[in-house]
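In what follows, a single structure is set out as structure tokens and then discussed.
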Amino acid sequence: MQRPILSSDQSVLDYLRGHMAYDPIERFRVLFLNAGNELVADEVMGVGTVSAVQAWPREILKRCLDLEATAILLVHNHPSGCPAPSRADRDLTDKIAHAARCFNIVLHDHLVVARNGTISFRGAGYL
């Protein structure tokens, strides 16, 4: 199976929008990267409802170690169409960021994908 080529920020956004923007339930995905920022794995780490999803920092970091990933990109969708992150989204990101730092794993960003756009936590100043 061929891996998608994710060579630019735009190609990453296009890839994620194509897979998540119109999903009727929230899903939390993690893109696991190696030291060269090459995609090692793209995995759904949480499946939720129309308005919420839960992901577990412990499981995400365990998977990083299993894959020998040195960096991650968090992504989840908002079926409502509005990409604005909730307080729960920000709190979860803070927990994952703290845990990742303990293992020297880089959290590149957390993206919220929706029909009406995409929000970058890093770009919005949350990371």
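All letters in the sequence shown, in the order written, are residues 4 to 130 by our numbering. Idealized CB from N, CA, C, for every residue including glycine. Quick caveat: nothing in here was measured; it's all calculated off a predicted structure.
- Going by beta carbons, residue 82 and residue 28 fall inside the 8 Å limit.
- Of all C-beta pairs linking the region 102-122 to the region 58-72, three or more are shorter than 8 Å, placing the two stretches in contact.
- In summary, residue 92 is buried, with 16 or more beta-carbon neighbours lying within 10 Å of its beta-carbon over all protein chains present.
- The count of Cβ pairs closer than 8 Å, one atom from the region 29-36 and one from the region 53-63, reaches three, so the stretches are in contact.
- Residues 24, 25, 84 of the same chain have their beta carbon placed closer than 8 Å to that of residue 118, with the five preceding and five following residues left out of the count.
- Residue 72 sits buried, since 16 or more C-beta atoms from the chains shown fall within 10 Å of its C-beta.
- Annotation: the continuous alpha helix (DSSP H) that includes residue 21 extends over 12-23.
- Per the DSSP secondary-structure output, residue 79 pairs in a beta bridge with 31, 115.
- Runs of beta strand (DSSP E) with 3 or more residues, each lying fully within the region 31-59, are found at 42-50, listed in chain order.
- If you compare the alpha carbons of 75, 102, 97 with that of residue 128, the shortest gap goes to 97.
- By the neighbour-count definition (other C-beta atoms within 10 Å, threshold 16), residue 94 is an exposed residue.
- Distance from the CA atom of residue 113 to the CA atom of residue 21, rounded to whole angstroms, is 17 Å.
- Annotation: residue 121 is outside any alpha helix (DSSP H); the continuous beta strand (DSSP E) that includes it extends over 120-123.
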